[in-house]
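Residue numbers (full-length UniProt numbering): 1 to 422. Notes follow the structure.
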């Protein structure tokens, strides 16, 4: 379906004053239809990684970027790709299943979020965006690949290879390759699949490659150098994410008191949009059930929840139909939901990087947010390593007595709720 056009729109309708020390999107020579999408997105000034990456990639250079979630890296690589596709249209005949740009992400949620962001930025263009991810309708994705031209394809590795093996998808015409969250793909064991995917694209000198990672360990850097050519390296310190916009607090508590503390925090602080993270799926189910019995509007997303249900749950949370979202780290990366006021770590994450990504769900794009973590006898030993990773000392305190008091449930939720140890 052709995108909506607005040929009468001009930059006069998108005024952004110059500001010392800030780069505007106006300062780059971007296609007018892309600027219209940027205006709709509410972007005015570039984040640090956007300003640095765009300086190089809009000139055609490869880039390797280190930045945490919430820093605007998705828009950085999408703007580069979209701008070049608009300024260099293909006049020769094209075929279905041959994308011009490929973006590979480790999780379905992240891939679908990138697709959503790309659709906003391409709203006033004819560019076609599509995602192929596991857990969604295979036949519907296959039908579109076989019958429609695709400009920008966003994919998870497994489903992408499924279609490539069936010859529904060809990557030999890819002009732009983006590998997002390379460290996560490494951790999840996707690198052999990604190597096969990269091998299906043109050689590095014939495509522009951007690779992003939260960490630059030896494995990530070796892969980066193999898949890019004379790439510019851009590093944004993670402390900018964890200290500037998110107030962080740790409550020292007993395992048996965690649920009571959580319920009292949500109701006592009138949290209207909160994400609660737990390390295991059984804990998310237990916490979700108990909060529901107490009358709260709550749902969960985890690896064992079908993708269609997860998508519906995220949309309900975005729309404000849910007050609380319980999640494992499947939702910790790449999910941008406006207005999340609080993140609660029901369990401390075993990987410090997951802590950064979790709290990055709040305090986004300059807004303020709060992260509250529970540290009990089972996981308090993780605090020193976590503090070392984020480069700051976390404020630890015992919760006030009123947060540990037993409170009356809402009138709509009087079912038995035996206290269980999580």
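Glycine included, every Cβ here is placed at the ideal spot set by N, Cα and C. This structure is a prediction, so every number in the text was calculated from the model and none was measured.
- Residue pairing by DSSP places residue 401 opposite no residue, since no beta bridge is assigned to it.
- When secondary structure is reduced to three states using DSSP, residue 208 falls in the strand class.
- Unbroken beta strand (DSSP E) stretches of 3 residues or longer found wholly inside the region 83-131: 101-104, given in chain order.
- Pairing residue 319 with residue 151, the inter-Cα distance amounts to about 30 Å.
- DSSP, reduced to helix, strand and coil, places residue 396 within a strand of the structure shown.
- Excluding sequence positions up to five before and after residue 232, its CB lies within less than 6 Å of the CB of 56, 61 and 63, all in the same chain and listed in chain order.
- For residue 251, the uninterrupted beta strand (DSSP E) segment begins and ends at 246-252.
- Secondary structure within the region 159-206: the alpha helix (DSSP H) runs of 4 or more consecutive residues, fully enclosed, are 182-187 and 191-200 (chain order).
- Spanning the alpha carbons of residue 143 and residue 114 requires a straight line of approximately 21 Å.
- Between residue 346 and residue 386, the C-beta gap is not smaller than 7 Å, which leaves the two residues out of contact.
- Under the DSSP assignment, residue 357 falls in the alpha helix (DSSP H) whose first and last residues are 352-359.
- When the five nearest sequence neighbours on each side are left out, the beta carbons in the same chain lying within less than 6 Å of the beta carbon of residue 98 are those of 170 and 173, in order along the chain.
- Secondary structure at residue 221: helix, using DSSP grouped into helix, strand and coil.
- An exposed status is given to residue 398, since fewer than 16 other beta-carbon atoms sit within 10 Å of its beta-carbon.
- Distance from the CA atom of residue 393 to the CA atom of residue 249, rounded to whole angstroms, is 10 Å.
- Distance from the CA of residue 312 to the CA of residue 300, rounded to the nearest whole angstrom, comes to 11 Å.
- Listed as beta-bridge partners of residue 274 by DSSP are 324 and 342.
- Annotation: the continuous beta strand (DSSP E) that includes residue 66 extends over 63-66.
- Annotation for residue 311: no beta strand (DSSP E) segment contains it, though the alpha helix (DSSP H) segment containing it runs 307-319.
- As a beta-bridge residue in DSSP terms, residue 369 pairs with 246.
- Non-local beta-carbon contacts of residue 31 in its own chain, meaning distances under 7 Å to residues more than five positions away in sequence, involve 83, 86 and 87 in chain order.
- Within the same chain, Cβ atoms closer than 7 Å to the Cβ of residue 148 are found at 96 and 128, the five residues on either side in sequence being excluded.
- Beta-bridge annotation (DSSP): residue 235 is paired with 66.
- Residue 103 holds the alpha-carbon nearest to the alpha-carbon of residue 210 among 103, 189 and 71.
- Beta-bridge partners assigned by DSSP to residue 213: 66.
- Residue 12 and residue 261 have their C-alpha atoms roughly 52 Å apart.
- The Cβ neighbour count for residue 302, taken over all protein chains shown within 10 Å, is at least 16; the residue is labelled buried.
- Comparing alpha carbon positions, the residue from 27, 51, 194 and 348 closest to residue 105 is 194.
- Residue 41 sits in a helix when the DSSP states are folded into three classes.
- In this structure, DSSP gives residue 155 an extended state, which the three-state scheme calls strand.
- Here residue 47 has 71 and 72 as same chain residues with Cβ atoms under 6 Å from its own Cβ, once five neighbours each way along the sequence are excluded.
- When DSSP states are grouped into helix, strand and coil, residue 389 belongs to the helix group.
- The beta carbon of residue 38 sits closer than 6 Å to the beta carbons of 25 from its chain, once the five residues preceding and following it are set aside; these are given in chain order.
- If you ignore the 5 residues before and after residue 182, its C-beta comes within less than 6 Å of the C-beta of 211, 213 and 220, all in its own chain and listed in chain order.
- Out of 274, 373 and 224, the CA that lies nearest to the CA of residue 254 is found in 373.
- In the structure shown, residue 301 falls within a strand segment according to DSSP collapsed to helix, strand and coil.
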